[in-house]
Amino acid sequence: MANHKKTKKPRKPQKHLPKVGTPADNAYRLKRSREDLLDFGLVKIPKGSVRTILGVLAIVVVFLVVLAFIAIT
901 MANHKKTKKP RKPQKHLPKV GTPADNAYRL KRSREDLLDF GLVKIPKGSV
951 RTILGVLAIV VVFLVVLAFI AIT
């Protein structure tokens, strides 16, 4: 018989949740609800790349505004 422990996929580590009604539970639920409101079911973006994306977007908008002013004149 084959040894099934070698072929079995390793389990994902589970995050233990705080006990219900504790301040830690309230903080966890508040954090999760805020994340859910911001997420809207979209793909999660890593925290470090948000600043980069906003910076690039701001540069593109400024560039387009400058081009629009040049085109108007």
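For the sequence shown, position 7 (counting from the first letter as 1) is numbered 907 according to the working numbering, and the numbering increases by one without interruption. Just so it is clear, CB atoms sit at the ideal spot from N, CA and C, and this is done for glycine as well.
Are the beta-carbon atoms belonging to ASP925 and LYS931 less than 8 Å from one another?
-> Start at 1 with the first residue of the sequence shown, and residue 925 comes out as number 25. Start at 1 with the first residue of the sequence shown, and residue 931 comes out as number 31. Taking 8 Å as the Cβ cut-off, ASP925 and LYS931 do not qualify as a contacting pair.
For ALA968, collect the residues of the same chain with a Cβ closer than 6 Å to its Cβ; drop the 5 residues on either side in sequence, then sort them by chain order.
-> Numbered from its first residue, the sequence shown carries residue 968 at position 68. So no residue of the chain qualifies.
By Cβ distance below 8 Å, which residues in the same chain neighbour VAL966 in space, the five residues on each side in sequence not counted?
-> Here residue 966 refers to the residue found at position 66 of the sequence shown. The beta carbon of VAL966 sits closer than 8 Å to no other beta carbon from its chain once the five residues preceding and following it are set aside.
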